[in-house]
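Peer 1: Residue numbers for the sequence shown follow the working numbering, beginning at 456 and rising by one. Glycine included, C-beta positions come from ideal geometry on N, C-alpha and C.
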Amino acid sequence: MKKTLSTMLIWVLIVIMLIPTFAFAEDKEAPDFAAMTDEELHDLINGARNELKSRELAAAEDTALIDQDGVKVYLTGKYDVEKYSETANLKLEAVVINDTDKMISILFDSASVNGWDVDNSGIVEITAGHKKKGEIYLTISDAEIEENEKIEDVVFDLFVYDCDNWDKIFDVDPLTVHFN
């Protein structure tokens with residue numbers, strides 16, 4: 456009960472903080488919160504959270520991989536090399552912001568490290584209107600690399616697809632991220 460009350464209080468405070476933003480916006484009418492459905496209010500709050508996260512990531516100078524058609528993907532700068540018997544993977548932390556009305560996944564057509572094609576994995580099932588932190592894995596041992604100090608550049612060839620019907624939403628031009 457206390458947790459529910461605390462959660463409701465937080466939501467009320469967020470809505471109250473948003474009211475001045477809408478009240479003083481030029482040439483725009485303030486939305487009628489009372490006329491909105493619960494779903495519309497939640498969508499409004501989630502949209503505001505997503506915008507704040509985008510601004511925070513941009514201010515932190517995180518690397519933007521995608522900023523297109525309501526989808527944003529940022530590398531956070533956190534990465535690590537995980538070694539298993541004969542395999543080494545580069546794990547890159549990423550944040551995906553999905554401001555579309557579809558559940559999406561971010562996948563690779565291909566990826567390369569220092570000019571070598573490598574196996575990879577994307578970030579899947581990001582709910583419409585939400586954000587997700589995940590990892591991108593690149594098998595750097597395919598490029599005969601075992602340590603992050605030897606990584607010079609990574610080229611991503613990404614696409615975004617709709618999880619409900621498996622349709623490709625859009626392709627992203629190949630992106631190069633320089634490391635050392």
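Between the stretch 556-572 and the stretch 593-608, can you find at least three pairs of beta-carbon atoms closer than 8 Å?
Peer 2: As far as the Cβ criterion goes, the stretch 593-608 touches the stretch 556-572, which means the pair count is three or higher.
Peer 1: Looking only at its chain, what residues have a beta carbon closer than 7 Å to the beta carbon of LYS410, apart from the 5 residues adjacent to it on each side?
Peer 2: Given a span of 456 to 635 for the chain in the structure shown, any question on residue 410 remains unanswerable.
Peer 1: May I ask which residues mark the beginning and end of the beta strand (DSSP E) holding HIS585?
Peer 2: Neither: HIS585 is in no beta strand (DSSP E) and is coded neither H nor E.
Peer 1: Mark ASN553 as exposed unless 16 or more other C-beta atoms lie within 10 angstroms of its C-beta, in which case mark it buried.
Peer 2: Burial call: buried.
Peer 1: Measuring alpha carbon to alpha carbon, tell me which of LEU562, ALA583, ASP498, THR582 ends up nearest LEU520.
Peer 2: It is LEU562.
Peer 1: One question on the structure: do GLU548 and LYS588 come within less than 8 Å of each other, judged by their Cβ atoms?
Peer 2: It is a contact, given that the beta carbons lie within the stated cut-off.
Peer 1: So is SER596 buried or exposed if we call it buried at 16+ other beta carbons inside 10 Å?
Peer 2: Counting Cβ neighbours within 10 Å, SER596 comes out buried, since at least 16 surround it.
Peer 1: Based on DSSP bridge pairs, tell me the residues matched to GLY589.
Peer 2: Bridge partners of GLY589: ALA549.
Peer 1: With DSSP as the reference, please indicate the residues paired to ASP554 in a beta bridge.
Peer 2: According to DSSP, ASP554 bridges with nothing at all.
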